[in-house]
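**Student:** Every position in the sequence shown, counted from 1, becomes a number in the numbering used here once 103 is added. Here a beta-carbon is modelled for each residue, glycine too, at the ideal position from N, C-alpha and C. Everything numeric in this text was worked out from a predicted model, so none of it was measured.
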Amino acid sequence: MSDAPFIDALRGAARTTPESGIVRVMNHARESGKPFIPLSAGEGHLPTPEFICAPAHAALTAGETFYTYQKGLPELREALSTYHKRYFDRDLPSQRFIITGSGMQAIQLTIQAIAGEGDEVLLPTPAWPNFAAALGVMGAKPVPVAMDLQNGVWSLDNGKLARAITSKTKAIFINSPCNPTGWTAELEQLADILKLARERDLWIIADEVYSRFFYGESKGRSSHRSASFYDLIDEDDKIIFVNTFSKNWAMTGWRVGWISAPPQLEQVFENLVQYSTSGVSAFMQRGAVAALNEGDDFTGQMVANCKIGRDILCDALAKCSGVRFERPRGAFYLFLGLDKYPDTSELGLRLVDDTALVMSPGEAFGDAGAGFLRLCFARDHSDIHIAAERLTNWISTHQ
104 MSDAPFIDAL RGAARTTPES GIVRVMNHAR ESGKPFIPLS AGEGHLPTPE
154 FICAPAHAAL TAGETFYTYQ KGLPELREAL STYHKRYFDR DLPSQRFIIT
204 GSGMQAIQLT IQAIAGEGDE VLLPTPAWPN FAAALGVMGA KPVPVAMDLQ
254 NGVWSLDNGK LARAITSKTK AIFINSPCNP TGWTAELEQL ADILKLARER
304 DLWIIADEVY SRFFYGESKG RSSHRSASFY DLIDEDDKII FVNTFSKNWA
354 MTGWRVGWIS APPQLEQVFE NLVQYSTSGV SAFMQRGAVA ALNEGDDFTG
404 QMVANCKIGR DILCDALAKC SGVRFERPRG AFYLFLGLDK YPDTSELGLR
454 LVDDTALVMS PGEAFGDAGA GFLRLCFARD HSDIHIAAER LTNWISTHQ
């Protein structure tokens, strides 16, 4: 029986939702039945540490399995307030924080609150594809603003952002440090973007998921995090932050995230949670409290390990001809261009077969990512050494 009658009966936005180029390569590797080194997904190799698992297990064993606060446990929201004071030196009330079922849901709910049918949101690209797809599902339009690549360095031209604004524009999405390029905005650029948003009465959706994965000084700023809109905001600024527990604390499978928004929106977001998932499991939130309160050393060790993994890859690839990349200042991805392969959508599949390395094709991150591969270096160093050897050997024989 043909699929067409069923598919044609769906909403257009659902029918046209694109297949993930990242998942396509991952599935190809899984279906091969052969061992491989996963450098495609945005996660490390470490399982969630015991100090996070233990309170979740205890809560589960104690029967904390009932409905709970739609906006999150009070203890977790308070822990987020304390965490932001520690890392951003801001006194933010717990009412700013809404617990969501993943960082992806934080993005979805934020889009639901801001943009709908016919609205536009500016999106610097290359960009993580899920944001644009989530906009499309809502009937809104992502407006790509291509970042510049000059002398091997990615940059965002704020003038391009300004010129892309129309009467339909509702928001600017800023992901810094950036997935996939590693581009990390300086404070002065964030200030200029905030000034533009204030002048044009636009929302900013700030995805600062990788702010702790920062590898150096930023004009005198401590290296413990990247520059943030938290360094700049006033109480009346229209900024919504989306974040997740996945990256900092090795909790990708837990699917717990948060929104930080003006406290006047607390009830709005509680309602949106109610009519989507009705809240995050209480026992998982107990683990999230422990992550915030006890996880600074663990996160610091992960960041240090990622920096070593980055340097292993970059140092090896720097010896190859016909490759281009920027040593990323933030996040935990290397965005690698191969001169001989302007289209990497099929190359990713080929490299799985030839090298048993799973990497994401740049086309998955928008047209501006064409000709690149994304490699996640948040892995065990032995795997990174093997990956660097296999990849450089393949490049030397195929360029």
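1. Are Ala491 and Leu420 closer than 9 Å when you measure CB to CB?
2. Is the Cβ-Cβ distance between Cys479 and Pro141 less than 9 Å?
3. Could you tell me which whole alpha helix (DSSP H) segments of length 4 or greater appear in the region 176–256?
4. If we ignore side chains and look at the alpha-carbon of each, how far apart do Arg127 and Phe139 end up?
5. Measure the CB-CB distance between His131 and Val455 and report whether it falls below 9 Å.
6. Starting from Asn346 and walking both ways along the beta strand (DSSP E), at which residues does that stretch end?
7. Is it true that the CB of Ile275 sits closer than 9 Å to the CB of Leu225?
8. Counting Cβ pairs closer than 8 Å, one from the region 239–254 and one from the region 387–394, do we hit at least three?
9. Does the Cβ-Cβ distance between Ala216 and Phe372 come in under 9 Å?
10. Rounded to the nearest angstrom, what separates Tyr172 and Pro227 at their Cα positions?
11. Counting C-beta neighbours from all protein chains within 10 Å, is the total for Pro150 16 or more, i.e. buried, or is it exposed?
12. Starting from Pro141, follow its DSSP beta bridges and name the residues at the other end.
13. Suppose you measure from the CA of Tyr313 to the CA of Gly285; what does that come to, to the nearest Å?
14. Does the beta-carbon of Asn346 have 16 or more other beta-carbons within 10 angstroms, so that it is buried, or is it exposed?
15. Could you tell me the alpha carbon to alpha carbon distance between Glu181 and Met354, rounded to whole angstroms?
16. Output the residue ranges of the beta strand (DSSP E) runs that lie fully inside the region 278–328 and measure 3 residues or longer, sorted by chain position.
17. Which residues share a DSSP beta bridge with Thr272?
**Tutor:** From the atom records:
1. Between Ala491 and Leu420, the gap from beta carbon to beta carbon is short of 9 Å.
2. Yes. Within cutoff.
3. Fully enclosed alpha helix (DSSP H) runs of no fewer than 4 residues occupy 177–191, 206–217, 232–240 of the region 176–256, in order along the chain.
4. One Cα belongs to Arg127, the other to Phe139, and the distance between them is close to 15 Å.
5. For His131 and Val455, yes; Cβs fall inside 9 Å.
6. For Asn346, the enclosing beta strand (DSSP E) has its first and last residue at 342–347.
7. Cβ distance < 9 Å, so Leu225 and Ile275 count as in contact.
8. Too few Cβ pairs lie closer than 8 Å, so no.
9. Result yes, Cβ atoms of Ala216 and Phe372 sit closer than 9 Å.
10. Rounded to the nearest angstrom, the two C-alpha atoms are 35 Å apart.
11. Pro150 is exposed by the Cβ-count criterion.
12. Its beta-bridge partners are Val461.
13. Cα atoms of Tyr313 and Gly285: separation of roughly 9 Å, rounded to the nearest angstrom.
14. Result: buried.
15. Cα to Cα, Glu181 sits roughly 20 Å from Met354.
16. Here the runs fully enclosed are 306–310.
17. Thr272 is bridged by DSSP to Glu223.
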